[in-house]
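S.K.:
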Amino acid sequence: MDKTIQIAGLAFSDFFEIISDKIQKTVSAEIERNLIGVTPQRYLSAEQLCTEFSITKPTIHQWRKQGIITAKKLGGRIYYSWQEVEAAMINLDEYGERK
Numbered sequence: 002m003d004k005t006i007q008i009a010g011l012a013f014s015d016f017f018e019i020i021s022d023k024i025q026k027t028v029s030a031e032i033e034r035n036l037i038g039v040t041p042q043r044y045l046s047a048e049q050l051c052t053e054f055s056i057t058k059p060t061i062h063q064w065r066k067q068g069i070i071t072a073k074k075l076g077g078r079i080y081y082s083w084q085e086v087e088a089a090m091i092n093l094d095e096y097g098e099r100k
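The C-terminal residue of the sequence shown carries number 100 in the working numbering, and the numbering is unbroken.
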């Protein structure tokens, strides 16, 4: 069986446009399908974290040492995940460890 495609009366540019459009729609649909439920991470500096959550820098340092939160280094600065800190504070409140 010969696996060739013959297209009569269709210019190459039209064929290319049809194929490109189909590929773009397929890729876009796949990207959307994979991103459903994914929320972007928000990172804060220690100063922003102190202001946002009304905690002190020693508290942040203590939580890092205890493994309650983790830090990410970027460009020589340390950042904390807003979602991770929020979850840690909820857990601490539930167990009565935060005053």
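A virtual CB, placed ideally from N, CA and C, is assigned to each residue, including glycine. From a predicted model like this one, the values you see are computed outputs, not experimental measurements.
Hey, could you find the ends of the alpha helix (DSSP H) L75 is sitting in?
M.R.: Within the sequence shown, residue 75 is the residue found at index 74, counting from 1. Taken as a continuous stretch (DSSP letters only), L75 belongs to no alpha helix (DSSP H), being part of the beta strand (DSSP E) at 72-75.
S.K.: Pick helix, strand or coil for L45, following the three-state DSSP scheme.
M.R.: Locating residue 45 in the sequence shown gives position 44, where the first residue counts as 1. Three-state result, L45: strand.
S.K.: How would you call A30, buried or exposed, if buried means at least 16 neighbouring beta carbons within 10 angstroms?
M.R.: Numbered from 1 along the sequence shown, position 29 holds the residue referred to as residue 30. Label assigned to A30: exposed.
S.K.: Using a Cβ distance threshold of 8 Å, determine whether the stretch 44-63 contacts the stretch 12-30, with at least three qualifying pairs required.
M.R.: Touching, no, given that fewer than three Cβ pairs across the two stretches are closer than 8 Å.
S.K.: Check I79 in the structure and name its three-state DSSP category.
M.R.: The residue given as residue 79 occupies position 78 in the sequence shown. I79: strand per DSSP, three-state reduction.
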